[in-house]
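Participant:
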Amino acid sequence: MSSSAIVRTLDLVRTYGEGSTAVHAVNGISCQVEAGQYVSIMGPSGSGKSTLFNLIGGLDKPTSGSVFINSMDIAQLDARELAFLRCHTIGYVFQTFNLIAVRTALEKRRAANAVCGNA
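With this note's numbering as the guide, the letters of the sequence shown map in order to residues 275 to 393.
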């Protein structure tokens with residue numbers, strides 16, 4: 275895989291529980307996304323899409339494997355550094371987003387930029 279990928283996962287695994295009740299939400303995913311590339315993750319409910327995005331966004335920690343953003347292993351970042359990364363590098367809209375209904379998308383983006391110091 276290319277080291278110029280803006281997002282790269284390597285043998286990513288996320289397991290919930292253990293033993294006979296273990297659920298393998300993500301099991302050995304290796305992928306990469308290059309700058310300017312459009313990617314769609316599709317699958318049925320419960321197939322691990324949200325878990326994969328939570329791992330890439332640093333909101334959850336993998337059971338094993340690695341996530342790299344701009345060649346940086348995000349497992350090496352503390353909570354403050356992860357928050358900075360999400361604020362300045364990753365655009366993330368949550369599955370159950372709580373957006374302000376009376377604001378336009380542009381107004382919401384400007385508000386996020388102001389919070390992150392990018393106004």
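Backbone N, C-alpha and C define an ideal beta-carbon position, used for all residues, glycine too.
Out of curiosity, what's the CA-to-CA distance linking Leu359 and Leu329?
Facilitator: Here residue 359 refers to the residue found at position 85 of the sequence shown. Here residue 329 refers to the residue found at position 55 of the sequence shown. Distance between the alpha carbons of Leu359 and Leu329 is about 13 Å.
Participant: Please go through the segment 287-354 and give each complete beta strand (DSSP E) segment of 3 or more residues, from N-terminal end onward.
Facilitator: Segments of the beta strand (DSSP E) lying fully in the segment 287-354: 297-307 and 338-343.
Participant: Along the chain, where does the alpha helix (DSSP H) containing Val389 start, and where does it finish?
Facilitator: Taking the sequence shown and counting its residues from 1, the one referred to as residue 389 is at position 115. Counting along the chain, the alpha helix (DSSP H) containing Val389 begins and ends at Ala379 to Val389.
Participant: Using 8 Å as the threshold, is the segment 328-343 in touch with the segment 285-293, meaning 3 or more CB pairs across them?
Facilitator: The answer is yes - the segment 285-293 touches the segment 328-343, with three or more Cβ pairs under 8 Å.
Participant: Quick check: what's the CA-CA separation for Ser304 versus Gly320?
Facilitator: Residue 304 sits at position 30 when you count from the first residue of the sequence shown. Residue 320 sits at position 46 when you count from the first residue of the sequence shown. Roughly 19 Å between the two C-alpha positions.
Participant: What is the rounded straight-line gap between the Cα of Glu292 and the Cα of His298?
Facilitator: In the sequence shown, the residue the question calls residue 292 occupies position 18. In the sequence shown, the residue the question calls residue 298 occupies position 24. Rounded to the nearest angstrom, the two C-alpha atoms are 10 Å apart.
Participant: Do Ser345 and Glu308 have their C-beta atoms closer together than 8 Å?
Facilitator: Translated into positions along the sequence shown, residue 345 becomes position 71. Translated into positions along the sequence shown, residue 308 becomes position 34. Result no, Cβ atoms of Ser345 and Glu308 do not sit closer than 8 Å.
Participant: Given a cut-off of 8 Å on the beta-carbon distance, is the pair Ser340 and Asp334 in contact?
Facilitator: Position 66 of the sequence shown holds residue 340. Position 60 of the sequence shown holds residue 334. Against a cut-off of 8 Å, the Cβ pair of Asp334 and Ser340 comes out as no contact.
Participant: Using a Cβ-Cβ cutoff of less than 7 Å, which residues in the same chain neighbour Lys323 once the five nearest sequence positions on both sides are dropped?
Facilitator: Numbered from its first residue, the sequence shown carries residue 323 at position 49. Correct list, in chain order: Ile315 and Gly317.
Participant: Which residues in the same chain have their Cβ closer than 7 Å to the Cβ of Asn301, if we skip the five residues on either side of it in sequence?
Facilitator: Working through the sequence shown from its first residue, we reach residue 301 at position 27. Closer than 7 Å at the Cβ level, and outside the excluded window around Asn301, lie Val287.
Participant: Give me the Cβ distance between Ile343 and Val389, rounded to the nearest whole Å; I'm assuming they're in contact under 8 Å.
Facilitator: Here residue 343 refers to the residue found at position 69 of the sequence shown. Here residue 389 refers to the residue found at position 115 of the sequence shown. The pair is not a contact, with the Cβ atoms about 20 Å apart (cut-off 8 Å).
Participant: Going by DSSP, name the residue or residues bridged to Arg282.
Facilitator: In the sequence shown, counting from the first residue as 1, residue 282 sits at position 8. Answer is Gln306 and Phe342.
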